Amino acid sequence: MKLEPLIIAATSDIAGKFRGKAFPVRQFEKRLNRGIGWTPTNVQITCFDSIAESPYGALGDLVLIPDPETPVEVEFDDGLPAERFVLGDIHETDGTPWECCTRSLLKSALDRIQEVAGLKIFGAFEHEFHFVTGKCPLGSAYTTAGFRAERQFGEVLVSAIEQAKLVPDTFMKEYGVNQYEVTVGPASGVRIADHATILRELVHIVAERLQLNASFTPLRNPESVGNGVHIHMSIRNDVGMPVTYDPTSTHGLSPIAGQFVAGVLKYLDRIVALTAPSVVSYKRLTPHRWSSSFNNLGYRDREASVRICPVSDLSDIAKSEQFNFEFRAADAAASPYLALAAIVHAGAQGIEEGLDCPDVTEEDLSLLSPNDLVARGLTRLPQSLESALANFEKDKIVTGWFPQDFATIYVKHKQGEIAYLADSTEAEIYDAYEAVY
Ligand code: GLU
Ligand code: MG
Numbered sequence: 000m001k002l003e004p005l006i007i008a009a010t011s012d013i014a015g016k017f018r019g020k021a022f023p024v025r026q027f028e029k030r031l032n033r034g035i036g037w038t039p040t041n042v043q044i045t046c047f048d049s050i051a052e053s054p055y056g057a058l059g060d061l062v063l064i065p066d067p068e069t070p071v072e073v074e075f076d077d078g079l080p081a082e083r084f085v086l087g088d089i090h091e092t093d094g095t096p097w098e099c100c101t102r103s104l105l106k107s108a109l110d111r112i113q114e115v116a117g118l119k120i121f122g123a124f125e126h127e128f129h130f131v132t133g134k135c136p137l138g139s140a141y142t143t144a145g146f147r148a149e150r151q152f153g154e155v156l157v158s159a160i161e162q163a164k165l166v167p168d169t170f171m172k173e174y175g176v177n178q179y180e181v182t183v184g185p186a187s188g189v190r191i192a193d194h195a196t197i198l199r200e201l202v203h204i205v206a207e208r209l210q211l212n213a214s215f216t217p218l219r220n221p222e223s224v225g226n227g228v229h230i231h232m233s234i235r236n237d238v239g240m241p242v243t244y245d246p247t248s249t250h251g252l253s254p255i256a257g258q259f260v261a262g263v264l265k266y267l268d269r270i271v272a273l274t275a276p277s278v279v280s281y282k283r284l285t286p287h288r289w290s291s292s293f294n295n296l297g298y299r300d301r302e303a304s305v306r307i308c309p310v311s312d313l314s315d316i317a318k319s320e321q322f323n324f325e326f327r328a329a330d331a332a333a334s335p336y337l338a339l340a341a342i343v344h345a346g347a348q349g350i351e352e353g354l355d356c357p358d359v360t361e362e363d364l365s366l367l368s369p370n371d372l373v374a375r376g377l378t379r380l381p382q383s384l385e386s387a388l389a390n391f392e393k394d395k396i397v398t399g400w401f402p403q404d405f406a407t408i409y410v411k412h413k414q415g416e417i418a419y420l421a422d423s424t425e426a427e428i429y430d431a432y433e434a435v436y
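Here numbering that gives the first Met the number 0 is used: position 340 in the sequence shown is 339, and no number is missing along the way.
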């Protein structure tokens, strides 16, 4: 029997899950026009497969249209079929973007910053993950032995990254037990989130092929090291020139980049509901985990929510090209599209409001008194998903960045996720997230 090659058109949804439908590859051209049928209430399927309260009920029809720029085909030498998927946008049947299509929401955030300031976003997501049952010996943090323990995985993954037309950067043994980190080269606009989505999928695909079990859960258990997602960004003008760097400013941020970062930090305690959206995300966002706990800008500080990253005199790349900042209050429970959309909207808002670049912090903020924090305009990030959602929902500026019903739908989705865990012990909650991400 000759197998019929299939390709899946998929979307990264509110749950940060990559869901779609497969069809024969030979129908690809036809599907570019016609799309595949999609159901509105799918957006309320939580990461645990429960269905949160949905305004759509059993009603309505949508189409998921593959983007011809995004097909991924990865061949393996295990004799099994290639993996094929393509990213899509969800439209109403009349062709207008759907209010909960995360990729369309990112596109409108990118359009906004283009309109407000003539700017484009350039960047890449840095991902950490761990193997649930790994083979790293004790004492392998950052070691060559730790690398060798998963060398086969690393080499197959980098081949898959190249086949997917992403640019491989680094693969390394991270600090945590069986924890690894993978980075890819930067891209522009919506491709930044496309690449993050593709990369997560490739990590899971390669792990499955090698009979491994990879998880991006934000935190495995209270004693473990978190799996962060660090979103590196820089800003470019209309003609693609980098405009993030100003060597005459104290820490290198140009005035426009300072306004962008100021907006991100001003709205951080509200947008974190979109960038770190699981129950266990808030166990990671605590001091001394090298994640982020306050809405601070740090210079080379790995506990800052936004960190100014180093530039090197040794690199062959110009400093203005190297210069970037990273957003660290994110994790892989978030759809890359929603996380980046929220950040870009907050940055555009900061530019519109003409905010001043925040002062750079250089100390352990967890040691400051509440009064000192207030005096310096610093806020502790919300300490639970519920409180992050409450902050998000009640800010009309922030909810106004999205289509009218989106915020309500999003909050109901997350409440459904919380409700699913209502009778679980803390250990069961950690295990549940480890299993689904
Ligand atoms: N694992 C840390 C996090 O949860 C990041 C460590 C690092 O700086 O690479 O974000
Ligand atoms: Mg890391």
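The beta carbon of each residue, even a glycine, is placed where N, CA and C say it ideally should be. Nothing here was measured: the structure is a model prediction, and the numbers come from that model.
Span separating the alpha-carbon of residue i from that of residue j
i	j	result
E91	A332	26 angstroms
D66	S423	40 angstroms
R306	F293	12 angstroms
L86	A374	46 angstroms
A345	Q210	41 angstroms
P369	Q403	36 angstroms
V115	Q151	46 angstroms
H269	H287	With the sequence shown as reference, residue 269 is identified as Arg, and His is not the correct amino acid for it. For R269 and H287, the distance between alpha carbons rounds to 22 angstroms.
Y244	Q348	20 angstroms
E154	L380	38 angstroms
G34	R208	29 angstroms
P39	A406	15 angstroms
V343	G78	43 angstroms
D22	V42	Checking the sequence shown, residue 22 turns out to be Phe, not Asp. Taking the straight line from one Cα to the other gives about 21 angstroms.
D60	V24	24 angstroms
A163	F27	17 angstroms
N- and C-terminal bounds of the beta strand (DSSP E) containing residue i
i	result
E222	No beta strand (DSSP E) contains E222, which DSSP labels as neither H nor E.
Y179	178–183
I230	228–235
E82	82–91
V73	71–73
S11	5–11
A21	17–23
D168	167–172
E125	119–130
F324	324–329
R306	305–307
L296	296–298
Contact set for residue i: own chain, Cβ-Cβ below 6 angstroms, skip 5 residues either direction
i	result
T196	S11, P335
E52	K411
A159	V73, L201, V205
S319	P241, Y244
F215	F128, N226, A331, Y436
A256	I234, T243
Residue j beta carbon less than 8 angstroms from that of residue i
i	j	result
L267	T101	no
I112	P70	no
N295	L354	no
V260	L273	no
V278	L388	no
V228	D330	yes
I234	L63	no
A303	T360	yes
I350	Q258	yes
V131	N236	no
L339	L105	yes
C308	H250	no
E222	Y179	no
I408	C99	yes
R283	L198	no
A328	V271	yes
G297	V224	no
A144	A186	no
Endpoints, alpha helix (DSSP H) assigned at residue i
i	result
H412	405–419
F259	254–265
K282	280–283
A57	Taken as a continuous stretch (DSSP letters only), A57 belongs to no alpha helix (DSSP H), as it is neither H nor E.
E392	384–393
I160	150–162
I342	335–351
I35	Careful: I35 lies outside any alpha helix (DSSP H), inside the beta strand (DSSP E) at 35–37.
Cβ neighbours of residue i in the same chain (closer than 8 angstroms, five flanking residues each side left out)
i	result
T142	K172
L364	P286, S292, F293, N295, E302, L372, L377
Beta-carbon proximity list for residue i, same chain, < 7 angstroms, skipping 5 on both sides
i	result
G188	L109, K119, I120
V435	C46, F47
R18	A9, T10, D12, N41
F401	L104
Any non-hydrogen atom of ligand 3 closer than 7 angstroms to residue i Cβ
i	result
G36	This structure lacks ligand 3; the ligands present are ligand 1 and ligand 2.
| When a residue counts only if its C-beta is closer than 6 angstroms to some heavy atom of ligand 2, which residues count, in chain order? | In chain order, the qualifying residues are E127, E173, E180.
| task | Give me every residue whose Cβ sits closer than 5 angstroms to any heavy atom of ligand 1, in chain order. | result | G225, G227, W289, S290, R301
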